[in-house]
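Visitor: Structure below; questions to follow.
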Amino acid sequence: MRFLGTASVALVSLLLASSQVTAATFSKRAPPLGVQISQCNVNNVVAVTFDDGPGSFTMELLEKLKGTRVTFFLVGQNVEKYPDVVRRMYNDGHHIASHTYSHANLNELDENGVIQEMTRTSDAINKAIGKRPRYMRCPYGECNDKVLAILRRLGYKVIYWNLDTLDWQTLSTQKTIDTYNAVSNKRNGNFISLQHDIHKPTVDAVPGILNKVRDAGYKVVTVPDCLSDNGLYV
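Below, the structure written as structure tokens:
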């Protein structure tokens, strides 16, 4: 396992120590940092998100998504493995965010471990597209108050979800599509949905998902779009 250099760790630690945390009210202004966000602040939209990639099926997914922009929460070690796929994502207009470097449970790490997971992923994404993400999602949806405080001081907007397809569990194209009945059955709602592009049945479900969302009168958007935010990267 590789580690950050001493100077890099010292710099990040200094930033953490000197940062001041301020309370933020969730509104149509910039989303708060280090707070679990699980819904949009505009209605009639679905922010479709994919975790754990890029992987061997992601390029196929990008073909199916042509003309539609979504959010990808990327694992840093996979970014290093598939940098060309990440560049294609970015060039296609998709939103790229962090899902840590090794898909670690951040609750089980000390502060330095959390910093390494986030910094290494940021470095990998920056190397691929020349941008550093400002959005992240905690692996397993697990981030305790200690971790959230670190993420806040690092400047991350922490995204959860309110529509879980459970695609990783069912590995079923039709069952993944059927979870979007929640969209069809709710008028003037808003959703942040969770999928994983490392599974072929999920990729196969995408055309059906897009059709179901649009037939329900909703628009597919990125997470920043659903939060009325233009602070995607640094």
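Residues -23 to -1, 1 to 211, numbered by mature numbering (1 follows the signal peptide of the UniProt record, and there is no 0), are exactly what the sequence shown covers, in order. Don't be surprised by glycine CBs; every beta carbon is placed ideally from N, CA and C.
At which residue ranges does the stretch 18 to 104 contain complete beta strand (DSSP E) runs of 3 or more residues, listed in the order of the chain?
Guide: Segments of the beta strand (DSSP E) lying fully in the stretch 18 to 104: 22 to 28, 48 to 51 and 72 to 75.
Visitor: Go through the stretch 131 to 191 residue by residue and report every complete run of the alpha helix (DSSP H) that reaches 4 residues or more, in order.
Guide: For the stretch 131 to 191, whole alpha helix (DSSP H) runs of length 4 or above, ordered along the chain, are 144 to 147, 150 to 155 and 158 to 161.
Visitor: How is valine 200 classed by DSSP in three states: helix, strand or coil?
Guide: Sequence index remark: in the sequence shown, residue 200 carries index 223 (1-based). If DSSP states are grouped into helix, strand and coil, valine 200 belongs with the helices.
Visitor: Determine which residues share a DSSP beta bridge with glutamine 13 and list them.
Guide: One-based indexing of the sequence shown puts residue 13 at position 36. Paired residue(s): Val135.
Visitor: Just to confirm, is the Cβ distance from alanine 24 to isoleucine 169 under 8 Å?
Guide: Working through the sequence shown from its first residue, we reach residue 24 at position 47. Working through the sequence shown from its first residue, we reach residue 169 at position 192. Their beta carbons are under 8 Å apart, which means alanine 24 touches isoleucine 169 by this criterion.
Visitor: Would you call the stretch 114 to 125 and the stretch 155 to 162 touching, i.e. three or more CB-CB distances under 8 Å?
Guide: In short, these stretches do not touch, since the Cβ pair count stays below three.
Visitor: When you compare only the Cα positions, how much space is there between leucine 128 and tyrosine 67?
Guide: The residue you call residue 128 lines up with position 151 of the sequence shown. The residue you call residue 67 lines up with position 90 of the sequence shown. If you take the alpha carbons of leucine 128 and tyrosine 67, they lie about 23 Å apart.
Visitor: Work out the CA separation of arginine 46 and arginine 130 for me, nearest whole Å.
Guide: Numbered from 1 along the sequence shown, position 153 holds the residue referred to as residue 130. Numbered from 1 along the sequence shown, position 69 holds the residue referred to as residue 46. In a straight line, the C-alpha of arginine 130 is about 29 Å away from that of arginine 46.
Visitor: Between the stretch 29 to 45 and the stretch 67 to 76, do at least 3 Cβ pairs fall closer than 8 Å?
Guide: Taking 8 Å as the limit for Cβ pairs, the verdict is that the stretch 67 to 76 does touch the stretch 29 to 45.
Visitor: Please name the residue in Leu38, Asn18, Asn20 and Val19 whose C-alpha comes closest to that of threonine 26.
Guide: Taking the first residue of the sequence shown as position 1, residue 26 is located at position 49. When only C-alpha atoms are compared, the closest one is Leu38.
Visitor: From the DSSP output, in three-state form, read off tyrosine 117 for me.
Guide: As a first step, residue 117 is located in the sequence shown; it is residue number 140 there, counting from the start. In the structure shown, tyrosine 117 sits in a helix (DSSP, three-state: H, G or I).
Visitor: Looking at leucine 209 and arginine 64, is the spacing between their C-beta atoms short of 8 Å?
Guide: Residue mapping note: residue 64 aligns to position 87 of the sequence shown, counting from 1. Residue mapping note: residue 209 aligns to position 232 of the sequence shown, counting from 1. No, the Cβ-Cβ distance between arginine 64 and leucine 209 is not below 8 Å.
Visitor: Taking the straight line between their C-alpha atoms, what separation do you get for glycine 11 and serine 75?
Guide: By one-based count along the sequence shown, residue 11 stands at place 34. By one-based count along the sequence shown, residue 75 stands at place 98. Their backbone Cα atoms lie some 14 Å apart in a straight line.
Visitor: What are the residues that DSSP puts in a beta bridge with tyrosine 195?
Guide: Here the question's residue 195 lines up with position 218 in the sequence shown. DSSP, once it has assigned bridges, lists no residue as partnering tyrosine 195.
Visitor: Can you say whether aspartate 87 is buried or exposed, counting buried as having 16 or more other CB atoms within 10 angstroms of its CB?
Guide: Here residue 87 refers to the residue found at position 110 of the sequence shown. So aspartate 87 counts as exposed.
Visitor: What residue from Thr96, Gly118, Ile106 and Thr98 has the CA that sits closest to asparagine 84's CA?
Guide: Numbered from its first residue, the sequence shown carries residue 84 at position 107. Of the candidates Thr96, Gly118, Ile106 and Thr98, the one whose C-alpha sits nearest the C-alpha of asparagine 84 is Gly118.
Visitor: Residues in its own chain within less than 6 Å of alanine -7 by CB, not counting five upstream and five downstream?
Guide: Residue mapping note: residue -7 aligns to position 17 of the sequence shown, counting from 1. Bear in mind that a pLDDT of 42 at alanine -7, under 50, signals an unreliable position, so the model cannot answer this.
Visitor: Between the C-alpha atoms of valine 91 and phenylalanine 34, what's the straight-line distance to the nearest angstrom?
Guide: For the purposes of this step, residue 91 is taken as residue 114 along the sequence shown, with counting starting at 1. For the purposes of this step, residue 34 is taken as residue 57 along the sequence shown, with counting starting at 1. Each residue's Cα considered, the two are about 28 Å apart.
Visitor: To the nearest angstrom, how far is it from the Cα of asparagine 21 to the Cα of isoleucine 186?
Guide: Sequence index remark: in the sequence shown, residue 21 carries index 44 (1-based). Sequence index remark: in the sequence shown, residue 186 carries index 209 (1-based). About 15 Å.
Visitor: DSSP puts proline 110 in a beta bridge; with which residues?
Guide: As a position in the sequence shown, residue 110 is number 133, starting the count at 1. Proline 110 pairs with Tyr210.
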